[in-house]
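Peer 1: Below is a structure I'd like to ask you about.
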Amino acid sequence: MPIKLVIALSCTALLATGMVAADKEMSKDAKIKLGEAVYKDISRGNCLACHTLTGSGIEQEGNMGPNLANFVGLPDEYFFNKIWDPNVDTPNSTMPPLGRNLRVTKDEIDAVIAYIRYTVK
Amino acid sequence: MLKAIEKTIVASTVLCAFLSAGAFDVQAEKDRLAMQNYFLTKFSDPLGKSASYFPYVDPEEIKKDYIYPVKLEDFAHGTAAWYRPTKEQLAEINEFPPYEIALDEGKELFYKKFANGKSYSDCFPNPAVRDIYPLFDTTKKEVVTLEVAINECRVKNGENPLKYEQDDIAKIMGYMAFESRGKPLAIKIPTKEAMQAYDDGKKEFYKQRGYFALNCAECHISGSGQRIRAEALSPTLGAVTHFPVYRLKWGAIGTLQRRLQGCIEDTGSLAPKMQSKELRNLEYFLTYMSNGLKIDGPDTRK
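As they're listed, the protein sequences go chains A and B. Just so you know, we're using my numbering here: the first sequence kicks off at 63 and counts up by one. Just so you know, we're using my numbering here: the second sequence kicks off at 445 and counts up by one.
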């Protein structure tokens, strides 16, 4: 392989990985931003209506549900399942089945989890 | 001897009649006493009982903002019975009660002559009847709310019925509630059909609604004593005693059913129409739960 081509190729590869990395960085920020919107938006998650989240700085958070900071040690799946449909584990849960009832999408749930982790950290 | 038998028969017939007349509300009475007991216990010692009743409320907030123990009669005040910030806010607003103009207008409407020279006061010689509404009409075999009774009075006198969505009917009810102040609610369940209506109302109360899959109890039984953001949730016991209310959000006086529609929409579902069978039965159940509590309407709410 001519050396030039090798350099060109590896440059492209480097550039590509770099771009991917930059893209990931971007998307992490964007994800947290989206998550925050979902967390606070009355027509989406509206989590703040019922939950406290230490570190969020939100005023007059509700207290029907637990402080979500207490759960960040648990895996994403735990959060995901609760937010998708808490009635699977707790049939009479007061927490609404936000995913199952299409208030939030799968991506939005992932984003809200990212926001919670980012906020508590 | 014969006389004695006759006496026993008469006595036992009377007793039977009495028992069977009272028999329809046995379960409703159990429900009502259980409801009272739940709330009296819950708000007797919220700090000591926080683990069972207020698992996620900061104990500091209980110490600072909760009023306890709550006495039975005080449940007539809604959230103001247990939450100091609401109580203080309400007291401040009611120094010049926002419902006062509506009350005056309601009184005027109540005595205003219809085209035939009569008025509501011919249908309700005593305006202080809030304590027995909604009542179960044993002829029509359905729940008649005060709104419906007011419109029946109009129609009987050749007038068009008022729109349930508009303020006039709430104003008239405001005057009637005011005249009824201090009377304990005394809803009756006279027949089997009435008990069916009560049961249907109870089902409406516990039905999961909307895309949030919430029922009334989650916010107003277990949820009462907690907040949804800044909204401290009122107990079901005493939920109706102060209606109609002037709501700052409405900028007007409105009926209980208007408020119920709002709550139902908040669960992410469409509310039944005003004075639909569903809402009348729900109102019947809700009001029965507060039997014995004193009427103190009209009042003010956020």
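Even for Gly, the Cβ is constructed at its ideal location relative to N, Cα and C. Owing to the predicted nature of the structure, the values given are computational and were not obtained by experimental measurement.
(1) May I ask you to report which of helix, strand or coil DSSP gives I697/B?
(2) Given a cut-off of 9 Å, decide if L677/B and I537/B are closer than it, judged by their beta-carbon atoms.
(3) So if I threshold CB-CB distances at 9 Å, which residues from the segment 657-682 of chain B count as touching chain A?
(4) Can you name the start and end residues of the alpha helix (DSSP H) that T744/B belongs to?
(5) Do you know how far the Cα of Y732/B is from the Cα of G618/B?
(6) Between H521/B and G682/B, which are expected to be in contact by the criterion C-beta below 8 Å, what is the C-beta distance as a whole number of angstroms?
(7) To which residues does DSSP link A676/B through a beta bridge?
(8) Which of the three DSSP states, helix, strand or coil, is assigned to Y500/B?
(9) If the criterion is Cβ atoms closer than 9 Å, does the pair Y608/B and A593/B meet it?
(10) Per DSSP, which residues does L558/B bridge with? Please list them.
(11) Strictly below 7 Å CB to CB, what residues from chain B border L96/A?
(12) Bridge partners of R528/B, per DSSP?
(13) Check L136/A in the structure and name its three-state DSSP category.
(14) Report the residue from G695/B, G626/B and E727/B whose alpha carbon sits nearest the alpha carbon of E586/B.
(15) Which residues in chain B sit within 8 Å of T156/A, going by Cβ to Cβ distance?
(16) Just to confirm, is the Cβ distance from N149/A to A657/B under 9 Å?
(17) Name the DSSP bridge partner or partners of L579/B?
(18) Let's test the definition: count the other Cβ atoms within 10 Å of the Cβ of L714/B and tell me whether it reaches 16, buried, or not, exposed.
(19) Quick one, which of N570/B, S563/B, E623/B and Y512/B has its alpha-carbon nearest E596/B's?
(20) By Cβ distance below 8 Å, which residues in the same chain neighbour V166/A in space, the five residues on each side in sequence not counted?
(21) From G550/B to P742/B, what distance separates their C-alpha atoms?
(22) Do we get a CB-CB distance below 9 Å when we pair E505/B with the residues of chain A?
(23) How long is the line joining the alpha carbons of E412/B and G654/B, rounded to whole angstroms?
(24) Taking the alpha-carbon of N659/B as reference, which of G712/B, K515/B, T635/B and E623/B has the nearest alpha-carbon?
(25) Give me the subset of the segment 495-519 of chain B whose CB atoms are less than 9 Å from a CB atom of chain A, sorted by chain position.
(26) Please report how far the alpha carbon of L553/B lies from the alpha carbon of I94/A, in whole angstroms.
Peer 2: Taking the definition as stated:
(1) Numbered from 1 along the second sequence, position 253 holds the residue referred to as residue 697/B. It is a strand residue.
(2) On the second sequence, position 93 is the one that residue 537/B refers to. On the second sequence, position 233 is the one that residue 677/B refers to. No.
(3) A657, L658, E662, C663, S666, G667, Q670, R671, I672, R673, A674, E675 and L677
(4) Position 300 of the second sequence, counting from 1, holds the residue named residue 744/B. Taken as a continuous stretch (DSSP letters only), T744/B belongs to no alpha helix (DSSP H), being part of the beta strand (DSSP E) at D743 to R745.
(5) Position 174 of the second sequence holds residue 618/B. Position 288 of the second sequence holds residue 732/B. The straight-line gap from Cα to Cα measures roughly 20 Å.
(6) Indexing the second sequence from 1 puts residue 521/B at position 77. Indexing the second sequence from 1 puts residue 682/B at position 238. Between G682/B and H521/B the Cβ distance is about 7 Å, and since that is below 8 Å, they are a contact.
(7) Your numbering for residue 676/B matches position 232 in the second sequence. Note: A676/B sits in a beta bridge opposite R671/B.
(8) Position 56 of the second sequence, counting from 1, holds the residue named residue 500/B. Note: Y500/B maps to coil in three-state DSSP.
(9) Here residue 608/B corresponds to residue number 164 of the second sequence, with the count starting at 1. Here residue 593/B corresponds to residue number 149 of the second sequence, with the count starting at 1. In this structure, A593/B does not lie closer than 9 Å to Y608/B by Cβ.
(10) For the purposes of this step, residue 558/B is taken as residue 114 along the second sequence, with counting starting at 1. Note that residue 558/B is Phe in the sequence shown here, rather than Leu. Partner(s): none; F558/B has no beta bridge.
(11) Numbered from 1 along the first sequence, position 34 holds the residue referred to as residue 96/A. None at all; the shortest Cβ gap to chain B is about 20 Å.
(12) Counting from one through the second sequence, the residue named residue 528/B turns up at place 84. According to DSSP, which records beta bridges pairwise, R528/B is partnered with nothing at all.
(13) Here residue 136/A refers to the residue found at position 74 when the first sequence is read from its first residue. DSSP places L136/A in coil when its eight states are reduced to three.
(14) Translated into positions along the second sequence, residue 586/B becomes position 142. That would be E727/B, whose Cα lies nearest to the Cα of E586/B.
(15) Here residue 156/A is taken as the residue at index 94 of the first sequence, counted from 1. Going along chain B in sequence order, the residues near T156/A (Cβ under 8 Å) are L658, E662, S666 and G667.
(16) The count along the first sequence starts at 1 and reaches residue 149/A at position 87. The count along the second sequence starts at 1 and reaches residue 657/B at position 213. Yes, the pair counts as a contact, with Cβ atoms nearer than the cut-off.
(17) Counting from 1 along the second sequence, the entry for residue 579/B is found at position 135. Its beta-bridge partners are V588/B.
(18) Taking the first residue of the second sequence as 1, we reach residue 714/B at position 270. L714/B is exposed by the Cβ-count criterion.
(19) By 1-based counting over the second sequence, the position of residue 596/B is 152. Among N570/B, S563/B, E623/B and Y512/B, the Cα nearest to that of E596/B belongs to S563/B.
(20) As a working mapping, residue 166/A is identified with position 104 in the first sequence. Excluding sequence neighbours, V166/A sits near V100, R106, G107, I145, L160 and V174.
(21) Position 106 of the second sequence, counted from the first residue, corresponds to residue 550/B. Position 298 of the second sequence, counted from the first residue, corresponds to residue 742/B. Cα to Cα, the separation comes out at about 11 Å.
(22) Taking the first residue of the second sequence as 1, we reach residue 505/B at position 61. True, the Cβ-Cβ gap to chain A drops below 9 Å.
(23) Residue 412/B lies beyond the range of chain B shown here (445 to 746); nothing can be said about it.
(24) Here residue 659/B corresponds to residue number 215 of the second sequence, with the count starting at 1. Answer by Cα proximity: G712/B.
(25) F498, P499, Y500, V501, D502 and E505
(26) By one-based count along the second sequence, residue 553/B stands at place 109. By one-based count along the first sequence, residue 94/A stands at place 32. Computed Cα separation, rounded: 57 Å.
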